[in-house]
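Heads up: the sequence shown at position 617 corresponds to 617 in full-length UniProt numbering, and the numbers run straight through without jumps.
The next block holds one structure in the form of structure tokens; read it before the comments.
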Amino acid sequence: MTSAMPSDATRLYQAVLRDVRAPISIRLRRAFSEWTVGKGFPPANPGSALVEHEANGARLRMERRVDCGRYVLDEPCDGGTLRTRVTYTESVPGMTGWVLVTVDQHGGDKTMNVAAQGSSQGSEQGFAPGFVPAYLRTARITDGGVHLEDSPAVVDEHEVQRLVHTLTEHRRRVPVVVVSVDAKDTDAARSRARYLSTATAGAAVVALLADLRAQDRFNKAMGVDLGVFGGGIRTYVAPFDPAEERYPYRHLPMGGALIRGEGERALDRAIDGIIGATARRTPPEDVQKTLRVVNRVLAGRAELREIAEAVTARGPAGDPAKDELFRRMMAMTARPAPPTAAKEQATKNGGRPEGTETSKPSDQPPPSPPPSPSPGSAPSMIFDPAGLAQSVADTVVKELRTELESALSLALTSGSSGEESRGLSREIRTLAAHVAGLRDLVVERHGDDELLDEAENDADRLARDVETLRDEHHLLLEEYAEAVIDVHRLTERVRHLERKLAEAGRPMYGVAVEDDRFEPASLAETLIEARQRLTHLVILDTDAAATRLDVHHPALARTWAVKAWDALRALDDFAGARSAGRFAGGFYEWCANGSSGRHVIPVGMLSMRESQSVTNRPKFSDPRTFDVPTTVDPSGRLLMEAHVKLRPVGYPAPRMYFHDDAGGATGKIWIGYLGDHLPNTRTN
């Protein structure tokens, strides 16, 4: 959850560990306590509901309440604080018990993070906390239907099919790292796999191909562009289907020669990308629902029974008439299987429905049975699908018009510049005000002389007050993050409703917009997709520069790729309007005066000119001069000054240079460069 932290915090690690074996608390507490003992803390007392210690400048707090608990370890790190947080709850009806582990760095030098298991110089990620492998050994612990192991899984030729099944598991969330055979050093591959497995425990699965026969069979199953060989490694992100993969480079490879040359430095860069793929990912919905309740339970603001209630809750109670409409519409869309076919299928499966398993626990609760069809509705679905679609659309528009208009209004106001969104946005502002108020209150209590004088006589009371405020602060931050996520979900839902309403012949209530959900994983993938879809752009030969950033900074590549994709879409949208005469200004004005329906980017990301010290000196201007057709510039070469800053400051700070010819002969935007910061007076 990217928004669940203060602005000065960097998420280094996150793992969602599903544990069906009860009780979780005993095994987790033992593994965590053994780890902290090595840091100078005394062993945890299993009979205490609250444990607090300080050692070597670090602070430990372990609390529990029957079926749930939370451990927080704060350690000094590079001028800031490294916070390891472990929150858990036991299984409840409808949900497998879970453990959420996060590591955040608050303040300090973000370029030299040191996680609990080791260090990664120049990295923006960390390693898995040292207790995670020990905890993984206590039971069969999973995430998204995938078994999370404490050590590399050795895969021989007979187990390749099982590995392929794991890779293509539709519920999989964690990356799978496959380590190939190194013919030059038979022990090297095993050592690399152990190093990767320890560093990414809980956040990834590491598989080691046992020999060349296993490697050949695996690569045959993957195809030409998705294999791994020569002592290299490859990270397969989710989702994955080798038969339908459009962007093989999304699953980043790292060659054996590079690993042999750089050793652990190269592996650390791979770890950055592996952990980065999960560190900011939103936890599963049931974990999000219950995490909020668990925090309230530990703060004494909720009862244990509310954890189970949160799993089964369908949301706030609504109008009974609307509930009845929902049931009738679901009945209209039900398509029951013919009794004969269902009976035959059950016979084939030994009396069980197709696809069910009895040998392995599932991470998710079984799906609820579909609603029973109301009389007369199923035949209409079978004999007149077009009529049913129109009937459902009419019913939605007639019965839920008010709700739809409210949702559309919220989406429009949240997307337009200069206006404030309502509903959830108001809740976000309220929570932000509460967070600011709590922070000010903490500062006042520390800074007020009278309170400090009183604290000398009653230090215990002040410490309890500060601790309470700290807990409230973190709780409000988590609620704030959930509200932000709700806004994003609502926006996506409204876009879906707009498209469906327009398709159903109700354009006055919806606009037929493209269902665009492309989320690039790398800059190279962004360029490929842009060339295929953005018709008002021409992208020159900049793939090598973009790929270098993907390879050297895998943890940051996804963030840069999303920003680059947003910028390219905005440029394409602008060029289409400018070339058609629908807009007369430049790209800066397009973004600064953006209206609803436009693709724009913040003007803070834009710089339309370079300084004279750059443009007047060939050593700086030449790298910004690119080959273009003579229709764009008669000389065939053009200095491009306008650029998009994918990262404003720091290192690396990628840039995308472009030339606006949308109002010229070609009617297009020309992208000359996408890559690392080009040389200037500061880098000279």
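By construction, the Cβ of each residue, glycine as well, lies at the ideal position given by its N, Cα and C atoms.
Here the structure is a predicted model, which means the values were calculated and not measured.
Item to complete: Quick one: measure Cβ to Cβ for Val101 and Pro129, integer angstroms, because I've assumed they're closer than 8 Å.
Response: 7 Å
Within the same chain, show all residues whose beta-carbon is closer than 6 Å to that of Lys289, passing over the 5 residues directly before and after it, in chain order. Ala310
Checklist entry - Taking just the CA atoms, how far does Ala270 sit from Thr625? => result 33 Å
Exercise for the section: Would you tell me roughly how many angstroms separate the C-alpha atoms of Pro46 and His165, rounded to the nearest one? Expected result: 40 Å
| query | Per DSSP, which one or two residues make a beta bridge with Thr87? | reply | Arg70 and Leu100
| query | Taking the alpha helix (DSSP H) that Asp241 falls in, what are its first and last residues? | reply | Neither: Asp241 is in no alpha helix (DSSP H) and is coded neither H nor E.
Please state the DSSP three-state secondary structure of Arg21. coil
> Where in the stretch 24–49 do unbroken runs of the alpha helix (DSSP H), each at least 4 residues long, occur, reported from the N-terminal end onward?
Replying inline: 24–37
- prompt: What did DSSP end up calling Asp660 once you bin it into helix, strand or coil?
  reply: strand
Quiz prompt | Member of Ala238, Leu148, Val103 and His106 whose CA lies at the smallest distance from the CA of Glu169 | solution = Ala238
(message) Suppose you measure from the CA of Ala58 to the CA of Glu52; what does that come to, to the nearest Å?
(response) 11 Å
- Item | Own chain partners of Asp74 with C-beta closer than 6 Å, once the 5 adjacent residues on each side are dropped | Arg59, Thr81 and Arg83
| field | Inside the stretch 242–266 only - alpha helix (DSSP H) runs reaching at least 4 residues | value | 256–262
* To do: Determine the direct distance from the alpha carbon of Ser191 to that of Pro133, and round the result to whole angstroms.
  => 16 Å
- Give the secondary structure of Ile307 by DSSP, where H, G and I count as helix, E and B as strand, and everything else as coil. helix
| In this structure, does DSSP put Lys668 in helix, strand or coil? | strand
### Query
Apart from the five residues on each side of it in sequence, which residues of its chain come closer than 7 Å, Cβ to Cβ, to Pro23?
Glu90
| request: Consult DSSP for Lys563 and reduce its assignment to one of helix, strand or coil. | output: helix
Problem set entry | Close-in-space but distant-in-sequence residues of the same chain around Arg569 (CB under 8 Å, 5 per side omitted) | Leu534 and His599
Residue range of the alpha helix (DSSP H) that Lys220 falls in? Leu212 to Met222
Margin query: I'd like the span of the alpha helix (DSSP H) that includes Tyr135, first residue to last.
Written below: Phe131 to Leu136
*Residue from Tyr135, Ile601, Asp78 and Glu34 with nearest C-alpha to Val16*: Tyr135
- prompt: Quick one: is Leu50 buried, meaning 16 or more other Cβ sit within 10 Å of its Cβ, or exposed?
  reply: exposed
Our contact map puts Val538 next to Lys668 with C-beta atoms below 8 Å; I'd like the distance itself, whole angstroms only.
5 Å
*asked:* With distance defined between alpha-carbon atoms, name the residue in Met640, Gly636, Asn593 and Ile275 nearest to Glu610.
replied: Met640
So what does Val177 bridge to, in DSSP terms?
Val206 and Thr235
Count Cβ pairs between the stretch 152–159 and the stretch 222–231 that sit closer than 8 Å; are there 3 or more?
no
- [ ] Measure the alpha-carbon distance for Arg246 versus Arg18 and round it to whole angstroms.
- [x] 31 Å
How would you write the range of the alpha helix (DSSP H) that Asp292 sits in, first residue to last?
According to the sequence shown, residue 292 is Arg rather than Asp. Run containing Arg292: Glu285 to Leu298, per the alpha helix (DSSP H) assignment.
Does the distance from the C-beta atom of Ala55 to that of Gly38 stay below 9 Å? no
* Gly94 versus Leu291 - alpha carbon distance -> 15 Å
Please report the straight-line C-alpha distance between Arg70 and Met605, rounded to a whole angstrom.
40 Å
For Leu638, the residue or residues it bridges with in DSSP = Phe626
Cβ shell of Thr681 (< 6 Å), same chain only, five flanking positions each side left out
Ser613
Considering Cα atoms alone, identify which of Gln14, Trp670 and Asn593 is closest to Arg173. Gln14
Considering Cα atoms alone, identify which of Ile233, Asp185, Val181 and Asn219 is closest to Ala210. Val181
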